[in-house]
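I have placed the structure first, in the form of structure tokens, so that the comments after it can refer back to it.
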Amino acid sequence: MKQGKFFPFLVCMMLFLGLVVPLIPVGADDIRMVDVFSADEAAAVAVVSYLYRNQTLEVETFSYGGLFYYVPLVLLKIWGWVGAPMAERVMILGMRGVCAL
-9 MKQGKFFPFL
1 VCMMLFLGLV
11 VPLIPVGADD
21 IRMVDVFSAD
31 EAAAVAVVSY
41 LYRNQTLEVE
51 TFSYGGLFYY
61 VPLVLLKIWG
71 WVGAPMAERV
81 MILGMRGVCA
91 L
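Its first residue numbered -9, the sequence shown is counted upward by one per residue in our numbering.
Laid out in structure tokens, this is it:
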């Protein structure tokens, strides 16, 4: 791939990340705050929280498909192995980060 064709994509991605990354922590204090802004996001975080707490991969709902829940779950598992505390805020930020990417 020529360097000239890759540069506009890189510029667009940098602009996108520059706009999105500062917005990820907004309103991510707890699940109730998230529910005020987006019921879908709160439900998705609740599903990932359920999967993490119960050590299971059985998702009761597939409204977005399994990959939507499993990718953040894997990242949260890695975060837990590092020994970092698992809080609702971490789950919310993890879900938003994966969605941004």
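Backbone N, C-alpha and C fix where the C-beta goes; we use that ideal spot for every residue, glycine too.
Does the beta-carbon distance from residue i to residue j come in below 8 Å?
{"i": "residue 62", "j": "residue 38", "result": "yes"}
{"i": "residue 21", "j": "residue 36", "result": "yes"}
{"i": "residue 24", "j": "residue 68", "result": "no"}
{"i": "residue 32", "j": "residue 86", "result": "no"}
Tell me the rounded alpha-carbon separation between residue i and residue j.
{"i": "residue 49", "j": "residue 41", "result": "7 Å"}
{"i": "residue 14", "j": "residue -6", "result": "31 Å"}
{"i": "residue 43", "j": "residue -2", "result": "42 Å"}
{"i": "residue 11", "j": "residue 88", "result": "11 Å"}
{"i": "residue 7", "j": "residue 30", "result": "23 Å"}
{"i": "residue 1", "j": "residue 91", "result": "15 Å"}
{"i": "residue 76", "j": "residue 70", "result": "7 Å"}
{"i": "residue 5", "j": "residue 16", "result": "19 Å"}
{"i": "residue 54", "j": "residue 46", "result": "18 Å"}
{"i": "residue 73", "j": "residue 64", "result": "15 Å"}
{"i": "residue 26", "j": "residue 60", "result": "24 Å"}
Since residue i and residue j are thought to touch, with beta carbons under 8 Å apart, how far apart are those beta carbons, to the nearest angstrom?
{"i": "residue 84", "j": "residue 66", "result": "5 Å"}
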